[in-house]
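Residue numbers (full-length UniProt numbering), protein chains in the order written: chain A, 1 to 439; chain B, 1 to 324; chain C, 1 to 274. We put the CB at the ideal spot given by N, CA and C, even for glycine.
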């Protein structure tokens with residue numbers, strides 16, 4: 001039933017005496033039938049975080065079109081994972097994590113090569129695609145973003161206007177005041193929704209990092225600092241705002257019962273006024289608004305509420321990057337899927353995102369945003385320090401790629417167990433410790 | 001229950017053969033006549049080959065590996081494992097997030113007393129003549145058979161703001177008692193432990209009821225003649241006869257409290273201070289790739305369970321637990 | 001007087017307990033027949049407007065993969081139960097009917113294994129399953145279910161003692177080999193033990209969540225519990241569909257329970273105390 005696995009199983013039994021060595025043996029099974037550079041053919045498995053698009057049949061259409069172009073491809077199995085980061089990380093303990101998948105945020109740059117097939121040199125890929133630095137290591141690129149996003153927050157224009165707010169807030173304080181005004185004006189659920197329970201939406205706030213200081217090198221500077229969390233640092237503004245909003249009762253009363261799918265409807269109908277998410281969220285929110293009988297026109301997008309030199313800034317960057325499982329035995333087809341997905345699927349347009357292709361079109365929904373806001377692209381880490389941030393992050397025990405530390409500060413903001421300053425102090429202390437042991 | 005000696009000593013071959021001669025009826029001398037003596041002697045090993053092989057592969061090798069991993073910084077992927085000695089164990093007991101999972105298990109442990117008390121109450125009253133007895137018994141027991149995921153979802157629906165329990169309190173005019181059942185960090189663990197009581201009470205109940213019903217009815221009759229009332233019967237007949245099974249349930253409660261997983265995982269995902277031992281271990285091992293540290297957590301859990309079981313064996317002699 | 005009062009108290013407590021047990025289930029049942037709009041606009045205690053609205057069930061079956069999930073659960077159950085029975089009976093046969101070198105060691109190993117909760121060792125078991133190439137295969141679960149079920153072995157040991165040795169002896173005199181004795185004498189006489197094991201094991205497998213969650217990520221291989229868990233994602237805002245999914249998973253176990261009550265109680269009281 002599982003022919004490609006039989007070989008490994010035999011090897012494993014042979015090695016039963018030294019079971020410790022087993023994981024080493026089991027990699028790279030089935031090389032006999034591997035299709036590394038040939039014509040796309042056979043079957044591949046694609047892992048996606050967009051369970052909604054699997055559910056509504058969009059992916060079935062993609063697969064059909066792809067198969068029409070490459071008739072030798074017999075099947076593309078698409079698996080939608082609800083807790084994408086968590087489930088993929090578990091599967092990455094084995095060889096079995098699909099052929100094409102989005103690289104989870106928690107994989108550190110120095111691990112790319114262990115898990116993913118290099119797609120080409122950074123230069124070569126960079127000539128065709130934008131925002132590829134993030135998933136590159138030592139000159140090799142391992143992933144290509146499916147769509148480019150700008151970062152800020154998505155809000156229900158009708159609710160904001162009814163509360164008398166018509167201008168983008170330009171300081172964190174103004175942002176909180178706006179939320180307060182919305183609350184005073186009466187909003188059914190909350191002015192700001194954290195999506196605490198699902199966890200990952202809390203990591204979306206990281207999109208503001210860099211926009212606060214308008215510094216494309218913020219990440220490269222933070223690895224040199226022992227105090228990333230201060231009153232007006234990138235992290236300080238983000239985590240401070242979350243804390244204040246929660247402490248001032250501007251978020252949902254019971255964060256543990258939040259639900260992502262539900263939140264889309266709440267924003268669409270105006271029961272929630274604001275959520276901090278990348279621009280990729282706009283079409284989903286608009287669709288949910290329509291589905292709930294409200295107007296998709298109400299959904300709008302605003303930049304990070306900080307002005308530097310009189311201007312708003314927004315970090316433009318890749319959404320999830322598609323990579324190829326290094327253990328895949330059908331890399332040619334996997335690669336064809338990635339290229340096809342970026343060039344021909346129409347995915348980025350349908351998501352109202354920026355095309356990952358250099359000089360690709362700007363979608364209508366973001367046209368005005370792009371006029372008013374200066375886009376910045378983060379600079380890559382200097383040679384040899386590509387994984388420094390991740391190393392410190394892991395060693396510090398904070399793990400900024402995991403929403404846990406933010407859930408915890410929300411817990412504390414609600415219970416008052418720690419003040420904002422105490423949280424900053426604790427995070428800074430951990431970070432400094434991480435720097436000492438990783439640097 | 002079992003005839004295994006408490007020690008693990010392996011008898012010498014000679015001794016075993018001797019006992020073989022003494023205890024097993026001999027093979028018929030001239031009977032089947034196929035196979036040689038050594039072939040016959042190998043028979044039990046053939047039967048045990050697969051069972052013992054699987055036992056070693058899936059229980060003992062993992063346990064040994066776990067001890068080994070726990071002394072390393074292995075991330076589950078690296079080809080090499082660096083020995084770090086007891087660092088992982090230090091981390092298990094010093095990182096407040098790790099220590100907290102022990103604290104969370106106390107809620108479930110405490111709840112199991114409530115659970116046993118309720119189970120004992122219903123087992124006692126249903127052991128006397130009651131109308132619709134089988135129906136009551138079925139209702140009280142059935143939740144135990146339901147899938148843990150389903151239970152988590154059922155109670156998400158029941159406890160969510162504006163859900164079943166809030167509606168009842170509202171209807172009863174008790175709005176002031178409405179809480180964020182999973183949202184308030186002071187209440188969340190009580191709610192989750194309560195769900196656990198709902199789920200497992202039936203098992204305790206049926207076990208207690210079985211034990212009570214195995215008491216010879218003549219004893220009750222005799223006590224009736226002596227003028228004993230229900231309380232006396234409970235105190236002097238029922239309670240002593242089910243003491244061993246209560247002891248056993250208590251022990252199970254401790255290891256049960258430490259291995260809670262499904263209900264909090266489905267309901268809160270371990271957030272808001274409800275993270276349990278298993279949720280944290282899984283997260284560590286597979287999301288953060290700290291296989292070494294996760295193994296140390298698992299070893300600690302294993303040792304606690306072993307310790308508790310050892311205490312049980314000391315306190316409750318084996319033959320007393322045997323009810324059948 | 002006192003007698004009536006206590007009797008009343010007794011029935012009141014039974015009724016209250018029954019409500020506590022049944023209400024959460026009932027609300028899920030109500031919800032499963034409501035339309036999406038209805039679920040949001042009516043209270044949880046409100047009865048559904050149309051008890052014939054089975055749309056949520058259709059969605060749960062067709063798009064929620066419930067049918068495949070039942071297939072997988074049945075497949076895993078069937079394979080694992082056959083394996084468990086053969087392994088349990090073989091072990092019991094060898095340990096009870098033979099005296100051989102290492103017997104006490106084997107007994108001690110099994111005894112020791114009862115103390116190791118499976119949930120603790122998965123961190124390391126995962127590496128072994130993966131090494132065997134069984135990750136994301138239903139055989140991973142089957143192997144673990146049949147290879148770590150020490151309780152069943154004890155149940156078989158208990159029952160095999162009750163089978164008179166004279167039966168084996170008689171067969172032996174007629175020239176039967178050990179395999180034939182095992183299959184023709186021992187197994188058929190272990191029927192009550194097998195029934196107990198099938199019930200306890202069946203319910204455990206049906207409800208198991210942790211193992212498929214770890215080992216079976218592929219959608220089309222998932223059994224009931226992880227399939228239901230997955231409802232939380234795409235249907236997170238559609239509680240009426242989640243409710244239908246929950247009801248679907250409960251129905252088979254409810255039907256079995258109603259028909260096999262007595263055996264189930266016996267199974268658990270004997271299984272739990274061994």
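Report yes if the CB atom of residue i is closer than 8 Å to the CB atom of residue j, and no otherwise.
{"i": "residue 319 of chain A", "j": "residue 147 of chain A", "result": "yes"}
{"i": "residue 371 of chain A", "j": "residue 280 of chain A", "result": "no"}
{"i": "residue 44 of chain B", "j": "residue 183 of chain C", "result": "no"}
{"i": "residue 434 of chain A", "j": "residue 395 of chain A", "result": "yes"}
{"i": "residue 253 of chain C", "j": "residue 139 of chain B", "result": "no"}
{"i": "residue 261 of chain B", "j": "residue 276 of chain B", "result": "yes"}
{"i": "residue 269 of chain B", "j": "residue 408 of chain A", "result": "no"}
{"i": "residue 285 of chain B", "j": "residue 123 of chain C", "result": "yes"}
{"i": "residue 199 of chain B", "j": "residue 144 of chain B", "result": "yes"}
{"i": "residue 39 of chain C", "j": "residue 240 of chain C", "result": "yes"}
{"i": "residue 47 of chain B", "j": "residue 78 of chain C", "result": "no"}
{"i": "residue 329 of chain B", "j": "residue 19 of chain C", "result": "Outside the shown range of chain B (1 to 324) lies residue 329 of chain B, about which nothing can therefore be said."}
With respect to 7 Å, is the separation between the Cβ of residue i and the closest non-hydrogen atom of the ligand GTP below this value?
{"i": "residue 155 of chain B", "result": "Of the ligands one can find in the structure shown there are none, so the ligand GTP has no counterpart to examine."}
Considering only residues of the same chain and omitting the five flanking positions on each side of residue i, which have a CB-CB separation below 7 Å?
{"i": "residue 179 of chain C", "result": "none"}
{"i": "residue 334 of chain A", "result": "44, 99, 100, 324 and 328"}
{"i": "residue 212 of chain C", "result": "141, 222, 223, 225 and 226"}
{"i": "residue 125 of chain A", "result": "119, 132, 141 and 144"}
Can you give me the Cβ contacts of residue i inside the same chain, cut-off strictly under 8 Å, excluding the 5 residues immediately before and after it?
{"i": "residue 104 of chain A", "result": "84, 85, 88, 89 and 92"}
{"i": "residue 294 of chain A", "result": "268, 269 and 270"}
{"i": "residue 91 of chain B", "result": "98, 293 and 296"}
Let me know if residue i comes out buried or exposed under the rule of 16 or more other beta-carbons within 10 Å of its beta-carbon.
{"i": "residue 21 of chain C", "result": "buried"}
{"i": "residue 289 of chain B", "result": "buried"}
{"i": "residue 21 of chain A", "result": "Caution is warranted here: a pLDDT of 34 is assigned to residue 21 of chain A, below 50, making its placement in the model unreliable, and the coordinate value is therefore given only provisionally. Exposed is the call here."}
{"i": "residue 232 of chain B", "result": "exposed"}
{"i": "residue 267 of chain A", "result": "buried"}
{"i": "residue 269 of chain C", "result": "buried"}
{"i": "residue 131 of chain A", "result": "buried"}
{"i": "residue 171 of chain B", "result": "exposed"}
{"i": "residue 267 of chain C", "result": "buried"}
{"i": "residue 216 of chain C", "result": "buried"}
{"i": "residue 243 of chain B", "result": "exposed"}
{"i": "residue 310 of chain B", "result": "exposed"}
{"i": "residue 93 of chain C", "result": "buried"}
Might you give, ordered along the chain, the residues of its own chain that have their beta carbon closer than 6 Å to the beta carbon of residue i, omitting 5 neighbours on each side?
{"i": "residue 194 of chain A", "result": "251 and 255"}
{"i": "residue 88 of chain C", "result": "152, 153 and 156"}
{"i": "residue 48 of chain C", "result": "30, 33 and 34"}
{"i": "residue 222 of chain A", "result": "228"}
Residues of the region 137–155 of chain B with a CB closer than 9 Å to any CB of chain C: list them in chain order, please.
Those residues of the region 137–155 of chain B that come within reach of chain C (Cβ to Cβ, closer than 9 Å) are 137, 138, 139, 140, 141, 142, 143, 144, 145, 146, 147, 148, 149, 150, 151, 152, 153, 154 and 155.
The region 321–330 of chain A contacting the region 258–270 of chain A, beta-carbon criterion three pairs below 8 Å:
The region 321–330 of chain A is not in contact with the region 258–270 of chain A.
Cβ contact (3+ pairs, closer than 8 Å) linking the region 116–124 of chain B and the region 308–316 of chain B
Because the criterion of three Cβ pairs below 8 Å is not met, the region 116–124 of chain B and the region 308–316 of chain B do not touch.
Is the region 250–264 of chain B touching the region 101–110 of chain B, taking contact as three or more C-beta pairs under 8 Å?
They touch, by the three-pair rule.
Residues of the region 96–120 of chain A with a CB closer than 7 Å to any CB of chain B: list them in chain order, please.
Listed in chain order, the positions of the region 96–120 of chain A with a beta carbon within less than 7 Å of a beta carbon of chain B are 114.
Can at least three beta-carbon pairs, one atom from the region 243–253 of chain B and one from the region 175–187 of chain B, be found at a separation below 8 Å?
The answer is no - the region 175–187 of chain B does not touch the region 243–253 of chain B, with fewer than three Cβ pairs under 8 Å.
Cβ contact (3+ pairs, closer than 8 Å) linking the region 236–256 of chain C and the region 215–228 of chain C
These segments touch.
If you pair each beta-carbon of the region 41–59 of chain A with each one of the region 68–85 of chain A, do three or more pairs fall below 8 Å?
At 8 Å Cβ cutoff, the stretches touch.
I'd like to know if the region 182–197 of chain C and the region 133–143 of chain C are in contact, where contact means that at least 3 CB-CB pairs between them fall below 8 Å.
With a cut-off of 8 Å, the region 133–143 of chain C and the region 182–197 of chain C do not count as touching, because too few Cβ pairs lie within range.
Does the count of Cβ pairs from the region 166–186 of chain A and the region 304–315 of chain A closer than 8 Å reach three?
Yes, the region 166–186 of chain A touches the region 304–315 of chain A.
Are the region 175–192 of chain A and the region 288–295 of chain A touching by the rule of at least three beta carbon pairs closer than 8 Å?
Not touching, per the Cβ criterion.
Between the region 41–65 of chain C and chain A, which residues of the former have a C-beta closer than 9 Å to a C-beta of the latter?
Flagged, chain order: 63.
Scan the region 218–237 of chain C for residues whose Cβ lies nearer than 8 Å to a Cβ of chain A and list them as they occur along the chain.
For the region 218–237 of chain C, which is checked against every Cβ of chain A, the residues closer than 8 Å are 218, 219, 230, 232, 233, 234, 235, 236 and 237.
Could you please tell me which residues of the region 93–123 of chain B, in chain order, have their CB closer than 9 Å to any CB of chain C?
For the region 93–123 of chain B, the residues whose beta carbon sits under 9 Å from a beta carbon of chain C are, in order, 118, 121 and 122.
Evaluate contact between the region 56–68 of chain C and the region 189–197 of chain C, counting only Cβ atoms and requiring at least three cross-stretch pairs below 8 Å.
By the Cβ test, the region 56–68 of chain C is not in contact with the region 189–197 of chain C, since fewer than three Cβ pairs between them sit closer than 8 Å.
Which residues, taken in chain order from the region 165–199 of chain A, show a beta carbon closer than 8 Å to some beta carbon of chain B?
Of all residues in the region 165–199 of chain A, those with a C-beta nearer than 8 Å to a C-beta of chain B are 196, 197 and 199, reading in chain order.
Is it the case that the region 49–59 of chain B contacts the region 71–84 of chain B, given that we only count it when at least three CB pairs across the two stretches are under 8 Å?
With a cut-off of 8 Å on Cβ pairs, the region 71–84 of chain B is not in contact with the region 49–59 of chain B, counting fewer than three such pairs.
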